[in-house]
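Here the numbering used here is used: the first residue of the sequence shown is 157, the next is one more, and so on.
Note that the Cβ used here is the ideal one computed from N, Cα and C, for glycine as well.
Report on one structure; see the data block that follows.
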Amino acid sequence: MESTQPLTAEAFRRACGRFATGIAVVTTLDAGGAPVGLTVNSFTSVSLDPPLVLFCLDRASQALPSFANANAFSINILEESQRDLSQRFAAREADRFAGLSYRLGTLGAPVLPGVLAVLECRRHAVLEGGDHLIFLGEVIAADAGDGQPLLYFGGRYRLLGM
């Protein structure tokens with residue numbers, strides 16, 4: 157596969173879409189203490205010592221001010237049956253938490269029910285990343301359950317075929 161064409165946004169998006177990713181919902185509290193969250197697939201572990209993870213957030217996101225001002229956030233990794241949660245937190249709804257039960261974690265960020273895993277993070281750094289900001293968090297608490305992940309590949313939800 158060799159290309160002599162200049163890179164376009166469509167070609168870049170299509171190529172990146174060939175990398176299967178898990179789906180997570182990142183959550184925090186806004187300045188008034190209200191829960192804020194959104195679906196991401198730009199999440200990865202970074203370091204074991206100290207334990208660091210990152211997620212990327214579009215500069216145009218309405219949630220950006222809440223995450224930029226928060227000292228803590230939770231990464232809620234979704235289980236294969238939680239497509240509805242992924243869609244809820246990806247939608248442009250004003251209150252994504254309406255009617256949803258959740259608990260506040262160790263650092264005060266919302267933790268969603270029934271997720272495959274949760275990583276509770278203290279903000280470590282915020283880095284520039286083009287049209288996104290990169291939020292680096294130090295993991296303070298983590299919990300993982302049994303189950304299969306909800307995946308995204310080629311612009312569609314997928315299930316792990318085993």
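* Looking at C-alpha atoms only, which residue of Gly286, Gln161, Gly270, Leu263 is the closest neighbour of Arg278? -> Comparing C-alpha distances from Arg278 to each of Gly286, Gln161, Gly270, Leu263 shows the shortest one belongs to Leu263.
* Asked: With C-beta atoms as the reference, is Val282 less than 9 Å away from Leu292?
  -> Yes, the Cβ-Cβ distance between Val282 and Leu292 is below 9 Å.
* Through-space distance from Asp299 to Leu234, alpha-carbon basis -> Near 13 Å, if we compare the C-alpha coordinates of Asp299 and Leu234.
* Buried or exposed: where does Gln238 fall if 16 or more other Cβ atoms within 10 Å of its Cβ makes it buried? -> With 16 or more other Cβ atoms within 10 Å, it is buried.
* Enclosing beta strand (DSSP E) for Arg174 [first to last residue] -> Counting along the chain, Arg174 falls outside any beta strand (DSSP E), and DSSP gives it neither H nor E.
* Should Ser230 be labelled buried (16 or more other beta-carbon atoms within 10 Å of its own) or exposed? -> Ser230 is buried by the Cβ-count criterion.
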